[in-house]
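The structure under discussion appears below in the form of structure tokens.
In this note's numbering, the protein residues as written are 9 to 206.
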């Protein structure tokens with residue numbers, strides 16, 4: 009079987025309020041103001057596909073938030089999104105690989121984050137056979153083509169794969185292609201699903 013894991017809030021906890029909190033402190037803008045302005049718009053999606061550079065994305069987000077941040081300040085906040093690894097999920101990934109199953113990570117991410125999290129959580133990268141990062145392959149979930157890309161690259165059919173993600177739209181898109189998909193709502197979802205299966 010092919011087991012496909014999302015990264016954020018599946019393997020590693022993330023929290024965008026931490027990002028906004030750092031920017032609020034650095035930019036001297038109330039957190040509530042930034043929360044009301046922040047949205048994952050077209051620039052966000054373009055950045056995740058690698059269609060715009062990190063500095064251009066930073067400029068567009070600062071414009072959206074109406075905040076004056078240097079690029080290093082922007083980056084400091086952007087990397088604050090990561091909270092910590094979910095050890096039970098990581099242990100499951102390692103068990104699956106030890107049994108000879110194929111384990112991959114499929115993440116909507118960006119170059120700035122990819123330059124950061126593997127250095128902070130090397131055990132995550134080591135627990136996967138392959139990393140499919142949206143900015144590297146020029147497509148993002150829930151686009152059907154990204155699931156086709158993973159299946160084709162791995163040499164599996166849709167009915168030979170299980171997908172774990174915390175976003176309902178991503179789950180729906182994978183299910184539409186015939187991939188068994190599990191919506192991850194908290195850190196217990198993955199361990200509970202594998203209870204009795206491993």
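Cβ coordinates follow ideal geometry from the N, Cα and C atoms, glycine included.
Task: Exposed unless 16 or more other CB atoms sit within 10 angstroms - verdict on residue 56 - done: buried
Open item on the list: Using the three-state DSSP reduction, which class does residue 82 fall into: helix, strand or coil?
Closed with: helix
- [ ] Quick one: grab the DSSP three-state call for residue 183.
- [x] helix
Open item on the list: With distance defined between alpha-carbon atoms, name the residue in 79, 153, 78 and 84 nearest to residue 26.
Closed with: 84
Task: Where residue 91 falls: helix, strand or coil (DSSP) - done: strand
Task: Residues near residue 92 by beta carbon distance below 6 Å, same chain, minus five either side - done: 21
TODO: Reducing DSSP to helix, strand and coil, say where residue 33 ends up.
DONE: helix
Open item on the list: My output table needs one value for residue 53: the three-state DSSP class, helix, strand or coil.
Closed with: helix
TODO: Taking only beta-carbon positions, decide if residue 113 is within less than 8 Å of chain D.
DONE: Absent from the structure is chain D; it holds one protein chain and no more.
Open item on the list: Quick check on the DSSP output: the beta strand (DSSP E) that includes residue 139 runs from which residue to which?
Closed with: 138-141
Task: C-alpha distance - residue 148 paired with residue 37, whole-angstrom precision - done: 31 Å
Open item on the list: Which residue marks the beginning of the alpha helix (DSSP H) containing residue 120, and which one marks its end?
Closed with: 119-122
Open item on the list: Is the beta carbon of residue 70 closer than 8 Å to that of residue 52?
Closed with: no
Open item on the list: I'd like the span of the alpha helix (DSSP H) that includes residue 189, first residue to last.
Closed with: It is not in any alpha helix (DSSP H) - residue 189 instead sits in the beta strand (DSSP E) that spans 188-191.
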